[in-house]
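**Student:**
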Amino acid sequence: MTRIDFYSLDENSGGDRFLLACRLVERIRATGARVLIHCPDPGQAHHLDRLLWTFREDSFLPHGRIDRTDPELTPILISGDGSPDKEDQVLINLSSEVPEFFGRFERLCEPIDHDPAARLAGRERFRYYRDRGYLLEHHQIRL
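Per the working numbering, the very first residue in the sequence shown carries number 125; after that it's consecutive.
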């Protein structure tokens, strides 16, 4: 069964869920795991792509958008539809909806920021997973 972790920015943190996603990617990659970031909005995917390049000066996060990189050579992929199908280690969801394909992943990360709409959508996803019997962990994060 997929491990599901919600990561919420604490009330005194700046930043947003995209910056939080970068931090999660950095920590996950340190373990050697591959990461698929689900970001169906093309504008947000572009923003995330640029942010991953500039996240930290002393950090390199080898990533690319699925339509612009070779998935075999890239351990961090940004995808709008869950492709490629063979990715199954860690999924970071930046969509407001539950990804249909999350069940194939060992782990799902749900970053939540201070935006009221994002928080409401996050609560709905939390209930969805809980009501289906998934064990959920919640982590307060300070950026």
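Just so you know, even glycine gets a beta-carbon here, dropped at the ideal spot from N, CA and C. Given the structure is predicted, the values throughout are model-derived calculations rather than measurements.
May I ask you to check if the CB of PHE142 is nearer than 8 Å to at least one heavy atom of the ligand GTP?
**Tutor:** This structure does not include the ligand GTP; it has no bound ligands of any sort.
**Student:** Going by Cα to Cα distance, which pick from ARG180, ASP237, GLN168 and PRO166 is closest to PHE136?
**Tutor:** Phe is not the amino acid found at residue 136; the sequence shown has Asn there. The shortest Cα separation from ASN136 among ARG180, ASP237, GLN168 and PRO166 belongs to ASP237.
**Student:** Could you have a look at HIS238 and say whether DSSP puts it in helix, strand or coil?
**Tutor:** The answer is coil: DSSP assigns HIS238 none of H, G, I, E or B.
**Student:** Does DSSP classify TYR258 as helix, strand or coil?
**Tutor:** The answer is coil: DSSP assigns TYR258 none of H, G, I, E or B.
**Student:** Is the CB of THR155 under 9 Å away from at least one CB in chain B?
**Tutor:** The question asks about chain B, but that chain is absent: this structure has only one protein chain.
**Student:** Got a sec? Which residues, its chain only, sit under 7 Å from ALA245 by beta carbon, not counting five neighbours each side?
**Tutor:** So the list reads SER220, once near-sequence residues are dropped.
**Student:** Would ILE265 and ILE216 qualify as a contact pair, given that the criterion is a beta-carbon distance under 9 Å?
**Tutor:** The answer is no: Cβ separation not under 9 Å.
**Student:** Buried or exposed: where does PRO208 fall if 16 or more other Cβ atoms within 10 Å of its Cβ makes it buried?
**Tutor:** By the 10 Å Cβ count, PRO208 comes out exposed.
**Student:** Mind the definition here: the segment 190-206 touches the segment 162-171 only if three or more C-beta pairs lie below 8 Å; say whether that holds.
**Tutor:** Short answer: they touch.
**Student:** Does the segment 249-263 touch the segment 184-203, meaning 3 or more C-beta pairs lie closer than 8 Å?
**Tutor:** With a cut-off of 8 Å, the segment 249-263 and the segment 184-203 do not count as touching, because too few Cβ pairs lie within range.
**Student:** Taking 8 Å as the limit between beta carbons, can you name the residues of its chain near GLY139, skipping five residues before and five after?
**Tutor:** Counting only Cβ-Cβ distances below 8 Å, and skipping sequence neighbours, we find LEU133, ASP237 and LEU267.
**Student:** Can you name the start and end residues of the beta strand (DSSP E) that GLY188 belongs to?
**Tutor:** Taken as a continuous stretch (DSSP letters only), the beta strand (DSSP E) holding GLY188 covers 187-189.
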